[in-house]
Amino acid sequence: MKLLEFLKRERKKSASVAKERLQIIVAHQRTQRGQPDYMPMLEKELLEVIRRYVQVDDDAINISLDSEDNCSVLELNVTLPRA
Amino acid sequence: MAKIIVVTSGKGGVGKTTSAAAIATGLALRGNKTVVIDFDVGLRNLDLIMGCERRVVYDLVNVIQGEAGLNQALIRDKRVDNLHILPASQTRDKDALNLEGVEKVLDTLSKDFDYILCDSPAGIERGAQLAMYFADEAIVVTNPEVSSVRDSDRILGLLASKTRRAERGEEAIKEHLLVTRYNPARVDSGDMLNLDDIREILAINLIGLIPESEAVLRASNQGVPVTHDADSDAGQAYTDTVARLIGEEVPLRFHLYEKRSLLSRMFGGGRR
Chain A
0 MKLLEFLKRE RKKSASVAKE RLQIIVAHQR TQRGQPDYMP MLEKELLEVI
50 RRYVQVDDDA INISLDSEDN CSVLELNVTL PRA
Chain B
0 MAKIIVVTSG KGGVGKTTSA AAIATGLALR GNKTVVIDFD VGLRNLDLIM
50 GCERRVVYDL VNVIQGEAGL NQALIRDKRV DNLHILPASQ TRDKDALNLE
100 GVEKVLDTLS KDFDYILCDS PAGIERGAQL AMYFADEAIV VTNPEVSSVR
150 DSDRILGLLA SKTRRAERGE EAIKEHLLVT RYNPARVDSG DMLNLDDIRE
200 ILAINLIGLI PESEAVLRAS NQGVPVTHDA DSDAGQAYTD TVARLIGEEV
250 PLRFHLYEKR SLLSRMFGGG RR
C-alpha cells in the first residue's frame, strides 16, 4: 500500500517552485525600489539599537520610506515579543 | 536622430552579446543604418561574435580619451552595408569610461545612424549603468531560470531610476523582454519556467523568444551573427524580434513543444 502511495504521489514540478520563490523575492525587491541607497544600512543599525533593549528577530522590523507632497515619511514597525 | 537601445540583463551569460549582434544585424538587413557598441570594457566580446576581431584598431575608450577619431574606431561590417561596430577596449579598466565622453560619442553617432545598440556588460555597476544611461529603449535579456529573472527585475529597477530619462522626469524608457535559451520540451515536462510565468513576474512587454538552439553556438564559433542563419530557429526568432522592434506585429513562434513521433525522430533529422 505504501508503495502504491509513493508511486501515485505527484512530485511538485520544479518550475512551479521556481515561480513561487521568484514571486516572493521580486515582490520584496520592488518594495525597495527607488529607496535611497542608505536604507539597508539604516535598517541594520536601527535593528542593532533595538536589540540593545529587546531581543527581536531579523524579520520583526519593517521599514519603509514614503514620499508625500513635500516631505518623506520614514515608517518603522517593530514587532516586539510578548513580555 | 537615432534611437538608442540598450541590451542588458544584470546576469552574465544569458545572451546579451549574441542578442545585440543578432538584433543589430537584423536591423541593418532591413535597411536601417545601425551601429552596435560594446560597453564591456576590459572583457570585450562583441567583436568576436560579429567576426571582426582582427580588424579592431581603435576602440570606444580611445575615442573617449581623444586618442582616435570616431571614424577611425568604427568598423564596417563585412556582410551588411548599413552596419558598424564600435568595439570596447580589451586592456583598460571600467573607469576609463565617463558619462560626458559616452554622451559625446552617442550624440555624434546619433546624427548618422538610425539605431544605436548598446551591448551592456553584466552586473549593475558603473559599466552597466553607463550603457543604459542615455537609452530610449531597453531590451532585457532573460533566461527561464530563477537568478536571471531576479536580476532582470533588478535591472528594471535601475532603468526606472538611474537613467537620463528617469532623472529628468521624461517619458520612461520603453522596456522589452527578450527571453532566450527557451527550451519548450523542458517547459512541457515542468522543469523550466514557462513564458507566461516570466511575463507575469516581470510584467513588461515581450519583444521576442529565442529557443535554445544549436545554431547559436555555431554562429558564435564562426563569428557570423545567428540572424544570417535564416534556416535556423534562433535566426528566425531574432528576425521576428527585429520586426517587432520596428513596430510590426509578428506572431510568436518556437514557444510550444511539439511531441515528435518515433518515426520523425528516426528519419526527421536532428534539431536545426
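Quick mapping for you: the protein sequence lines, in order, are chains A and B.
Counting along the first sequence from 1, when you hit position 22 you're at 21 in numbering that gives the first Met the number 0, and nothing is skipped either side.
Counting along the second sequence from 1, when you hit position 155 you're at 154 in numbering that gives the first Met the number 0, and nothing is skipped either side.
Virtual Cβ for every residue (Gly too), placed ideally from N, Cα, C.
I'd like to know if residue i contacts chain A, where contact means its C-beta is closer than 8 angstroms to some C-beta of that chain.
{"i": "B/M131", "result": "no"}
{"i": "B/A154", "result": "It should be noted that the sequence gives Ile, not Ala, for residue 154 of chain B. No, its Cβ sits nowhere closer than 8 angstroms to a Cβ of chain A."}
{"i": "B/N182", "result": "no"}
{"i": "B/D150", "result": "no"}
{"i": "B/V145", "result": "yes"}
{"i": "B/I200", "result": "yes"}
{"i": "B/N193", "result": "yes"}
{"i": "B/D228", "result": "no"}
{"i": "B/D111", "result": "no"}
{"i": "B/G25", "result": "no"}
{"i": "B/D187", "result": "no"}
{"i": "B/D76", "result": "no"}
Please confirm if residue i has its CB atom under 8 angstroms from at least one CB of chain B.
{"i": "A/A17", "result": "yes"}
{"i": "A/S63", "result": "no"}
{"i": "A/K12", "result": "yes"}
{"i": "A/I24", "result": "yes"}
{"i": "A/Q54", "result": "no"}
{"i": "A/L41", "result": "no"}
{"i": "A/R20", "result": "yes"}
Rounded to whole angstroms, what is the Cα-Cα separation between residue i and residue j?
{"i": "B/G122", "j": "A/R81", "result": "43 angstroms"}
{"i": "B/I172", "j": "A/V72", "result": "28 angstroms"}
{"i": "B/A236", "j": "B/I3", "result": "22 angstroms"}
{"i": "A/S15", "j": "B/A184", "result": "16 angstroms"}
{"i": "B/E257", "j": "A/Q28", "result": "36 angstroms"}
{"i": "B/S151", "j": "A/Y37", "result": "22 angstroms"}
{"i": "B/R167", "j": "B/E136", "result": "16 angstroms"}
{"i": "B/D106", "j": "A/D58", "result": "48 angstroms"}
{"i": "B/S147", "j": "A/I24", "result": "13 angstroms"}
{"i": "B/A231", "j": "A/L41", "result": "Inspection of the sequence shows that residue 231 of chain B is occupied by Ser rather than by Ala. Between B/S231 and A/L41, the C-alpha separation is close to 52 angstroms."}
{"i": "B/L59", "j": "A/A26", "result": "38 angstroms"}
{"i": "B/G14", "j": "B/D39", "result": "14 angstroms"}
{"i": "B/R198", "j": "B/T179", "result": "13 angstroms"}
{"i": "B/A300", "j": "B/A127", "result": "With chain B covering only 0 through 271, there is no way to say anything about residue 300 of chain B."}
{"i": "A/L64", "j": "B/S160", "result": "16 angstroms"}
{"i": "B/I200", "j": "B/R53", "result": "42 angstroms"}
{"i": "B/N31", "j": "A/N69", "result": "46 angstroms"}
{"i": "B/S219", "j": "A/I60", "result": "49 angstroms"}
{"i": "B/V158", "j": "B/A165", "result": "Strictly speaking, residue 158 of chain B in this sequence is Leu, with Val absent from that position. Their backbone Cα atoms lie some 8 angstroms apart in a straight line."}
{"i": "B/S212", "j": "B/A20", "result": "16 angstroms"}
{"i": "B/E174", "j": "B/V139", "result": "7 angstroms"}
{"i": "B/H254", "j": "B/G41", "result": "36 angstroms"}
{"i": "B/G84", "j": "B/I115", "result": "The question names Gly, but residue 84 of chain B in the sequence shown is Ile. Answer to the nearest angstrom: the Cα atoms are 10 angstroms apart."}
{"i": "B/R217", "j": "B/G50", "result": "12 angstroms"}
Buried or exposed for residue i, going by 16 or more other Cβ atoms inside 10 Å?
{"i": "B/D37", "result": "buried"}
{"i": "B/P143", "result": "buried"}
{"i": "B/Y57", "result": "buried"}
{"i": "B/N97", "result": "exposed"}
{"i": "B/N301", "result": "The shown model of chain B, from 0 to 271, leaves out residue 301 of chain B, and the question about it has no answer."}
{"i": "B/I63", "result": "buried"}
{"i": "A/P35", "result": "exposed"}
{"i": "B/D195", "result": "exposed"}
{"i": "B/T90", "result": "exposed"}
{"i": "B/M0", "result": "exposed"}
{"i": "B/S88", "result": "buried"}
Give a single yes or no on whether residue i has its beta carbon closer than 7 angstroms to a heavy atom of the ligand ADP.
{"i": "B/V139", "result": "With respect to the ligand ADP, the structure shown offers nothing to examine, as it has no ligands at all."}
What distance in whole Å lies between the Cβ atoms of residue j and residue i, which are believed to be in contact at a cut-off of 8 angstroms?
{"i": "B/L45", "j": "B/D118", "result": "5 angstroms"}
{"i": "B/I8", "j": "B/I154", "result": "According to the sequence provided, residue 8 of chain B is Ser. The question's Ile does not apply to it. The Cβ separation is near 6 angstroms, so the contact holds."}
{"i": "B/T240", "j": "B/L177", "result": "7 angstroms"}
{"i": "B/I209", "j": "B/R29", "result": "The pair is not a contact, with the Cβ atoms about 18 angstroms apart (cut-off 8 angstroms)."}
{"i": "B/L129", "j": "B/V101", "result": "5 angstroms"}
Whole runs of the beta strand (DSSP E) within the stretch 60-103 of chain B, excluding any shorter than 3 residues: 82-85
Entirely enclosed beta strand (DSSP E) segments - the stretch 235-265 of chain B, minimum 3 residues: none
Length at least 3, wholly inside the stretch 175-239 of chain B: the beta strand (DSSP E) runs in chain order: 204-210
Contiguous beta strand (DSSP E) assignments of at least 3 residues, all confined to the stretch 99-178 of chain B: 114-118, 136-141
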